[in-house]
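These protein sequence lines are chains A and B, in that order. According to this note's numbering, the first sequence is numbered sequentially starting from 1. According to this note's numbering, the second sequence is numbered sequentially starting from 1001. Here the structure is laid out as structure tokens; the discussion comes afterwards.
There are 2 protein chains.
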Amino acid sequence: MQTVRKDIHNSEVPVLCQSCEARHQGICGALNGEQLLALSKATRRVRREPGEELIADAMPINAFSNVLRGVVKLTKVLEDGRQQVVGLQFAPDLLGRPFAAESRVTAEAASAVDLCVIPRPALESLMKDSAPLEHRVMMQALRELDEARDWMVTLGRKNAAEKVASFLFMIASHIDPTDETVASKFDLPLSRADIADFLGLTIETVSRQISKLKADGVIEIVNYRHITVPDLARLRVLCG
Amino acid sequence: MQTVRKDIHNSEVPVLCQSCEARHQGICGALNGEQLLALSKATRRVRREPGEELIADAMPINAFSNVLRGVVKLTKVLEDGRQQVVGLQFAPDLLGRPFAAESRVTAEAASAVDLCVIPRPALESLMKDSAPLEHRVMMQALRELDEARDWMVTLGRKNAAEKVASFLFMIASHIDPTDETVASKFDLPLSRADIADFLGLTIETVSRQISKLKADGVIEIVNYRHITVPDLARLRVLCG
DNA sequence: CGGTGGATTGAGAGCCGTCAACGGAGGTGG
DNA sequence: CCACCTCCGTTGACGGCTCTCAATCCACCG
């Protein structure tokens, strides 16, 4: 009977959720069929183009979003306009700061992005009832904290060459999470300006360091946005 | 009858916990008398002197600790020895990365520190049973993530003068969480070397910037470690 | 074909790191 | 009580890395 009941539950999974990455590795994996069905009635899928603002800094948070495709950049700006990228989010991350009245970052689509938008009350009431859901949200927060602290080392203690190598290595690892012994080819989800804001450098310095990596044969540049790394281990060494 | 029951519960609060800050603002505030009593049988209070290592990077985590007094610094090092402070923890923060096999930072006593050490199994089993406890742990993780991202802006986009001003302002705010309109006097919990590692600078640059703030009348230096700020708003402006 | 926005490359300046010398506080021993 | 040592912090001189400003290139598009 249990297996039959499980099959029934599976058939309850909303059509849109059935092939959704968030249901496997994302936060929706913590929900049973019934909860998923209820939640899916409140959500909607949207597409956002590069550069579109998803969440504004210091504004009330009305909704959270599962990132289903593309890359979202989280930024902060100083009063005089200096900007810093403080995080990148990939599928199936949850976008939005839980348990805060206002956002503390600006979230912007870095590439074309597909989102599953969850109204704030829907997610917060579900989190109150579902400890597994809250647990998944916490695990993501802890992972983001680890990543932020890793990046603080890069920002504070690495020189420009090491910073750019670290960025490329991080992107390659995210796109292609295989081991370090093979080659890798990928599209950069960020413009030179975004990369500079991520690394605490200027556009010109980023460009010079990328040119140097190309001249040294560490990377090959197909397009401005398309890069191949013949030897990931060699790039890894340059990260400092 | 309810009030009587409550009194009974209060009397169950372990003696050591009764005046403990962690029971009010820290994670123990999520526990009832019974849970607190059970937990207190597994914990022990210890004192650590400045410079003592509390948790080693890449080592298994055997225990968590409530910070009861003093300041703990979290650091990461590159292979060639370059060091970055990635976080500071004050009372009543919980020390230790939950739900990870190994620590990803080194934790070291920056000042004299009092800890309430909680064995790992004790806290993890309690978290499994108590959603409010897990919720508090998550709230701390989210707060630390906010702080880490704030600091990334300082590391990536501020010059040396703004970095040092930001550090002093952050310490003043932590020690003296009043509004910005008044004066503030406090002891620096970190040496010049630690401050440099926190700001991604050298000892010499930190020293020069502190001397400049003194020459400009923004701060007064009583001791190497003891500083007064006559006008916090003026310091705030210098943070960029 | 010219216009536009992003990326690259070059020249010069300025900020901060490096190296070095000096100073002051605290501890120890004669 | 003083001499001495050590550790930490300060100050100075100099050089290099990265920023700034500017020109140019390239891809894309009307």
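Note that the Cβ used here is the ideal one computed from N, Cα and C, for glycine as well. In this text, all values refer to a predicted model and were calculated from it rather than measured experimentally.
(request) Report buried or exposed for T178/A, applying the criterion of at least 16 other Cβ atoms within 10 angstroms of its Cβ. (result) exposed
(request) Mind checking which residues open and close the beta strand (DSSP E) that includes A1109/B? (result) T1106 to A1109
(message) Contact criterion: CB-CB distance below 8 Å. Does H1024/B meet it with respect to chain A?
(response) no
(request) Report yes or no: do the stretch 1107 to 1123 of chain B and the stretch 1023 to 1043 of chain B share at least 3 C-beta pairs separated by less than 8 Å? (result) yes
(request) Tell whether a beta-carbon distance below 8 Å holds between V67/A and Q89/A. (result) yes
(request) Mind listing the chain B neighbours of V72/A? Cutoff is C-beta to C-beta under 7 Å, in chain order. (result) Near V72/A there are no residues of chain B at all, since even the closest Cβ is about 14 Å away, more than 7 Å.
(request) Measure the C-alpha to C-alpha separation of A1148/B and W151/A and round it to an integer number of angstroms. (result) 10 Å
(request) Answer with yes or no whether the minimum CB distance from V117/A to chain B is below 8 Å. (result) no
(request) Report the three-state DSSP secondary structure of I118/A (helix, strand or coil). (result) strand
(request) Would you verify that the beta carbon of P1132/B is, or is not, closer than 8 Å to some beta carbon of chain A? (result) no
(message) Between E1049/B and chain A, is any beta-carbon pair separated by less than 8 Å?
(response) no
(request) Please list the partners that D146/A has in chain B, where partner means a Cβ-to-Cβ separation under 7 Å. (result) R1104
(request) Work out the CA separation of F1099/B and L1036/B for me, nearest whole Å. (result) 21 Å
(request) Look at the alpha carbon of L213/A and the alpha carbon of V206/A, and state the distance between them as a whole number of angstroms. (result) 11 Å
(message) Counting only Cβ pairs nearer than 7 Å, list the residues of chain B close to F99/A.
(response) M1139 and L1142
(request) Just mark D129/A as buried or exposed, buried being the case when its beta carbon has 16 or more other beta carbons within 10 Å. (result) exposed
(request) With L1088/B as the anchor, note down where its beta strand (DSSP E) starts and where it stops. (result) Q1083 to Q1089
(message) Here's the rule I'm using: 16 or more other beta-carbon atoms within 10 Å means buried, otherwise exposed. How should R47/A be labelled?
(response) exposed
(message) Could you give the first and the last residue of the continuous alpha helix (DSSP H) run that contains L74/A?
(response) Premise fails: L74/A lies in the beta strand (DSSP E), V72 to V77, not in any alpha helix (DSSP H).
(message) What are the residues in the stretch 146 to 180 of chain A lying within 7 Å of chain B by C-beta distance?
(response) D146, A148, R149, W151, M152, V153, L155, G156 and R157
(request) Look at G1087/B and F1064/B and say whether their C-beta atoms are less than 8 Å apart. (result) no
(message) Between Q1084/B and chain A, is any beta-carbon pair separated by less than 8 Å?
(response) yes
(request) Using three-state DSSP, classify A193/A as helix, strand or coil. (result) helix
(request) May I have the straight-line CA-CA distance separating M1059/B from E1102/B, to the nearest angstrom? (result) 5 Å
(request) Under 8 Å between beta-carbons, which chain B residues line up against L31/A? List them in chain order, please. (result) Here the premise fails: no neighbours, minimum Cβ distance about 16 Å.
(message) Is there a Cβ of chain B sitting closer than 8 Å to that of Q2/A, yes or no?
(response) At Q2/A the pLDDT is 46, less than 50, meaning the model places this residue with poor confidence; the figure from the coordinates comes in the next sentence. Not one chain B Cβ lies under 8 Å of Q2/A.
(request) Could you tell me whether the Cβ of K1214/B comes closer than 8 Å to any Cβ of chain A? (result) no
(request) Whole angstroms is fine: what's the gap from L155/A's alpha carbon to C239/A's? (result) 12 Å
(request) Could you tell me which of Q209/A, R136/A, E49/A and P230/A sits nearest to V182/A, measuring between CA atoms? (result) P230/A
(message) Counting only C-beta atoms, is L1078/B closer than 8 Å to chain A at any point?
(response) yes
(request) State yes or no: is the beta carbon of H1135/B nearer than 8 Å to at least one beta carbon in chain A? (result) yes
(request) Going by DSSP, name the residue or residues bridged to N1066/B. (result) L1094/B and C1116/B
(request) Counting only runs of 3+ residues fully inside the stretch 1115 to 1190 of chain B, write out the beta strand (DSSP E) ranges in chain order. (result) 1184 to 1187
(request) Measure from the C-beta of G1200/B to each C-beta in chain A and report whether the shortest distance is under 8 Å. (result) yes
(message) Given this structure, state the Cα-to-Cα distance separating D176/A from E34/A, to the nearest angstrom.
(response) 34 Å
(request) Taking only runs that begin and end inside the stretch 4 to 62 of chain A, name each unbroken beta strand (DSSP E) of 3 or more residues, in chain order. (result) 44 to 48 and 53 to 55
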